[in-house]
Amino acid sequence: MDFTDYWQYTDIITKSLFFALFALSIVSWVTGILRLYYSHQLAKTVVVDLAQQIHNQIPPTLQASPEERRLLTEQMLLQQIGRYRYQSEQGLPLLGTTAAIAPFIGLFGTVWGIFHALRSIGDSGQAGLAQVAGPVGEALIMTGLGLAVAIPAVIFYNVITRMNRRILYRANDIAHGLLGESMRPSMLANSKATLVEATGAKVTDSQVADGKV
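Every letter in the sequence shown is one number past the one before it in full-length UniProt numbering, and letter 42, counting from 1, is 42.
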């Protein structure tokens with residue numbers, strides 16, 4: 001029995017389960033490839049992005065005290081890392097759900113197929129090995145399809161989760177380093193020069209350090 005004969009032999013429920021697995025397979029592959037690409041791009045840009053966020057944060061906080069400036073910068077970095085986490089986790093629930101339910105959909109299709117195969121054998125009155133092996137073997141195709149859908153989804157999920165964990169660890173490590181750099185006098189002096197150039201006001205080093213500008 002080839003696939004065409006098997007397809008003609010199946011009923012509407014088996015066909016529906018087959019299309020459900022087929023749709024889950026397409027969605028999981030597309031989602032997995034897109035998430036891999038996004039994680040790869042995020043890993044390349046996280047350093048520059050955080051540095052730019054620090055650079056943009058310093059001028060608005062020059063009027064704050066050093067403690068307030070550090071607190072505001074920490075809050076900004078935590079918010080940015082939270083955005084990274086949210087963006088990196090998009091699509092993962094779909095991959096996890098596909099990996100969890102696809103084998104059960106295939107198993108249900110197999111049970112349903114075996115039930116109909118045995119009922120057909122009972123109606124025919126022939127219960128030999130040749131009559132049983134064919135229909136039951138074909139019913140097991142659904143289990144194989146379920147596993148074929150679930151295994152790539154599991155691989156995508158684990159690989160992407162590991163990549164995201166490494167990206168977030170790196171982002172936290174970089175954020176701590178940038179936070180320390182942003183509090184250095186040289187960084188504040190550069191920000192003071194930018195402020196003077198933008199406003200034309202004279203700002204002293206002591207004013208910047210004391211948060212009086």
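For each residue, glycine too, the CB sits at the ideal point set by N, CA and C.
Just the C-alpha distance for residue i and residue j, rounded to the nearest angstrom, thanks.
{"i": "Y169", "j": "V46", "result": "11 Å"}
{"i": "P93", "j": "N158", "result": "12 Å"}
{"i": "L71", "j": "F156", "result": "38 Å"}
{"i": "G146", "j": "V136", "result": "16 Å"}
{"i": "I167", "j": "A20", "result": "34 Å"}
{"i": "H40", "j": "I33", "result": "11 Å"}
{"i": "V48", "j": "T31", "result": "26 Å"}
{"i": "F115", "j": "A148", "result": "23 Å"}
{"i": "R162", "j": "G122", "result": "52 Å"}
{"i": "E67", "j": "L178", "result": "16 Å"}
{"i": "F18", "j": "A43", "result": "37 Å"}
{"i": "L95", "j": "S28", "result": "6 Å"}
{"i": "Q87", "j": "F22", "result": "27 Å"}
{"i": "R119", "j": "T14", "result": "15 Å"}
{"i": "T73", "j": "E89", "result": "24 Å"}
Quick one: grab the DSSP three-state call for residue i.
{"i": "L140", "result": "coil"}
{"i": "Q80", "result": "helix"}
{"i": "residue 228", "result": "Missing from the structure shown is residue 228; the chain here goes from 1 to 213 and no further."}
{"i": "D123", "result": "helix"}
{"i": "D173", "result": "helix"}
{"i": "D49", "result": "helix"}
By the 10 Å Cβ neighbour count, where 16 or more other Cβ atoms means buried, how is residue i classified, buried or exposed?
{"i": "Y37", "result": "exposed"}
{"i": "G144", "result": "exposed"}
{"i": "A139", "result": "buried"}
{"i": "M106", "result": "It is Gly, not Met, that sits at residue 106 in the sequence shown. By the neighbour-count rule (16 or more Cβ atoms within 10 Å), G106 is buried."}
{"i": "G180", "result": "exposed"}
{"i": "R85", "result": "exposed"}
Does chain C have any CB closer than 9 Å to the CB of residue i?
{"i": "P93", "result": "Among the protein chains of the structure shown there is no chain C, as only one such chain exists."}
Mind reading off the beta-carbon distance from residue i to residue j? Whole number of angstroms is fine, and I expect it under 8 Å.
{"i": "M76", "j": "G113", "result": "Contact flag wrong, Cβ pair sits at about 58 Å."}
{"i": "T110", "j": "A153", "result": "That belief does not hold up - the Cβ atoms of T110 and A153 are roughly 19 Å apart, past 8 Å."}
{"i": "G91", "j": "R165", "result": "Going by Cβ atoms, the distance from G91 to R165 rounds to 15 Å, so no, they are not a contact pair."}
Spatial neighbours of residue i within its chain, please: CB distance less than 6 Å, with the 5 preceding and 5 following residues excluded, ordered by chain position.
{"i": "I12", "result": "none"}
{"i": "A150", "result": "A99, A102 and P103"}
{"i": "K81", "result": "Per the sequence shown, residue 81 should be read as Ile rather than Lys. A171, listed in sequence order."}
For residue i, collect the residues of the same chain with a Cβ closer than 7 Å to its Cβ; drop the 5 residues on either side in sequence, then sort them by chain order.
{"i": "A175", "result": "L50, L77 and I81"}
{"i": "L24", "result": "T98, A102 and V149"}
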